[in-house]
Amino acid sequence: MPIINRIADFAPEMTEWRQDFHAHPELGFEEHRTSDIVARKLESWGIEVHRGLATTGLVGVLRNGTSGRSIGLRADMDCLPMQEQTGLPHASTVPGRMHACGHDGHTATLLGAAKYLAETRNFDGTVHFIFQPAEEGGGGGNVMVQEGLFDRFPCDSVYGIHNDPTLPLGEAKVVPGVILAASDRVSITLRGVGGHAARPHVTVDPVLVGAHVLVALQALVARRTDPLDSAVLSITMFHAGSAMNVIPDVAELKGTVRTLLPETRDMMERLIAQVTENTAAAHGATAEVVYTRLYPATVNHEAETARAAQAAAKVLGESRVIRDAPPIMGGEDFSFMLLKRPGAFVMMGQKGPEKGGVPVHHPEYDFNDEMLPVGASYFAALVEQELKRG
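Going by full-length UniProt numbering, the first residue of the sequence shown is number 1, and it counts up by one from there.
This is the structure we're talking about:
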């Protein structure tokens with residue numbers, strides 16, 4: 001892979017940054033240490049730093065030349081509330097906190113691109129380095145947008161990356177259109193009539209009602225969703241009762257909903273409530289359904305995706321850039337930025353022969369440091385392409 005030589009030179013330094021972030025993970029809107037380190041490094045390279053967006057977010061601004069063109073590059077910084085089980089020397093030092101989605105790597109990658117661009121300045125325009133908090137459920141990308149990200153830091157286009165442990169190192173998916181699903185949350189409270197477990201006939205058992213609801217909801221994907229479309233409804237939490245001989249009066253179910261199309265999202269919200277309420281009523285219980293829309297689908301813009309693919313091909317080679325692939329049912333709050341500015345989100349392979357293949361959100365996951373110079377070279381090539389001098 002033709003990684004930019006200067007970036008290859010300081011790849012070991014990028015690895016040190018990444019592993020330090022990994023050892024000191026911070027949850028969404030709590031990334032104070034990470035944000036401090038990022039700010040200090042950017043300032044040391046002569047990059048103007050603006051802090052305080054979405055609490056711990058920051059934007060580095062690098063200007064060169066006279067052009068009014070501008071570009072945004074984004075990385076997320078937060079970790080997950082998980083216990084790490086890698087046993088690595090740089091494993092998390094914080095109990096119950098882990099960089100299990102590679103945001104430590106995303107942050108180090110964007111820092112590497114910033115260092116290179118600040119040194120070489122082989123572009124004409126303005127680069128905005130967007131370091132975002134709270135991607136993991138906190139919607140930090142949306143908060144930054146709502147707090148005036150693109151008003152304060154105008155971007156003609158905006159780009160992001162995510163590591164992909166299913167894709168070989170040195171390959172990238174650069175696909176136009178919907179690439180990641182809308183991600184929503186559903187909470188269901190079922191109320192029945194509790195009583196002695198030996199006298200179920202005088203109760204309305206919310207555990208039994210919940211079991212019927214859980215099974216009935218699966219038909220929404222199997223029988224109400226167009227087979228050519230995609231949807232996921234996973235009930236992942238079912239809580240009820242506190243004693244083996246007591247039928248409780250309340251049961252709670254919670255889960256996630258993923259959809260690709262707006263009309264499917266609307267349908268799922270409507271039918272989940274309808275099926276749950278009617279199923280509960282059929283058993284003499286009542287139901288309260290709270291459907292919360294979290295992240296919209298991530299939709300890459302066609303023209304910007306083509307340009308992102310062009311930049312990726314310069315680094316990886318044309319044969320290693322995948323331009324057509326089905327969407328992934330995971331969610332991503334970079335989607336909020338793509339609703340406001342044209343751009344593209346690229347999935348970059350990190351799976352090597354011996355490392356990088358453990359799935360994200362797994363307790364044994366670790367970002368593959370060999371991807372750092374690849375991602376940084378892609379960002380740098382993209383800037384030099386889009387803000388070309390002369």
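Even glycine gets a Cβ: it sits at the ideal position worked out from N, Cα and C.
N- and C-terminal bounds of the alpha helix (DSSP H) containing residue i
i: Q310; result: 302-316
i: A222; result: 206-223
i: L110; result: 103-120
i: L88; result: From DSSP, L88 is part of no alpha helix (DSSP H); its letter is neither H nor E.
i: I7; result: 5-9
i: R152; result: 149-152
Residue i in three-state terms, based on DSSP
i: T15; result: helix
i: L27; result: coil
i: T163; result: Contrary to the premise, residue 163 reads as Asn rather than Thr in this sequence. Strand at N163.
i: I272; result: helix
i: G331; result: coil
i: I47; result: coil
i: A35; result: It is Ser, not Ala, that sits at residue 35 in the sequence shown. Correct three-state label for S35: helix.
i: I99; result: Residue identity check: residue 99 is His in the sequence provided, not Ile. Three-state DSSP puts H99 in coil, outside helix and strand.
i: N278; result: helix
i: D266; result: helix
i: P168; result: strand
i: A380; result: helix
i: V59; result: strand
i: N64; result: strand
i: residue 415; result: Residue 415 falls outside the range modelled here, since the chain spans only 1 to 390, and no answer is possible.
i: L42; result: helix
i: L338; result: helix
i: H283; result: coil
i: L228; result: coil
i: V94; result: coil
i: L261; result: coil
i: G137; result: coil
i: L53; result: strand
Beta-carbon proximity check, residue i vs residue j, cutoff 9 Å
i: L294; j: V178; result: no
i: H99; j: S92; result: yes
i: G241; j: P248; result: yes
i: M14; j: L73; result: no
i: F123; j: K388; result: yes
i: I272; j: L208; result: no
i: W17; j: I37; result: yes
i: A285; j: R185; result: no
i: N64; j: R121; result: yes
i: A222; j: F238; result: no
i: G375; j: M348; result: yes
i: G343; j: S157; result: yes
i: F334; j: E135; result: yes
i: A182; j: R258; result: yes
i: R6; j: G170; result: no
i: L167; j: K351; result: yes
Start and end residues, beta strand (DSSP E) containing residue i
i: Q350; result: 343-351
i: M237; result: 231-240
i: Q132; result: 125-132
i: R293; result: 286-295
i: N142; result: Careful: N142 lies outside any beta strand (DSSP E), inside the alpha helix (DSSP H) at 140-146.
Integer Cβ distance of residue i from residue j, believed to fall under 8 Å
i: F367; j: G105; result: 3 Å
i: P2; j: T55; result: Not quite, the Cβ-Cβ distance comes to about 39 Å (not below 8 Å), so this is no contact.
i: I130; j: V289; result: At roughly 36 Å, the Cβ-Cβ gap does not stay under 8 Å, so I130 and V289 are not in contact.
i: L53; j: M144; result: 5 Å
i: V346; j: A312; result: 7 Å
i: A8; j: P296; result: A8 to P296, Cβ: 37 Å. No contact.
i: A11; j: H90; result: Wrong, their Cβ atoms sit about 16 Å apart, outside the cutoff.
DSSP bridge partner residues for residue i (one or two, in chain order)
i: T256; result: R185, S234
i: I322; result: K173
i: D76; result: Q132
i: V202; result: Note: V202 sits in no beta bridge, so no partner.
i: V299; result: V178
i: V158; result: G72, G343
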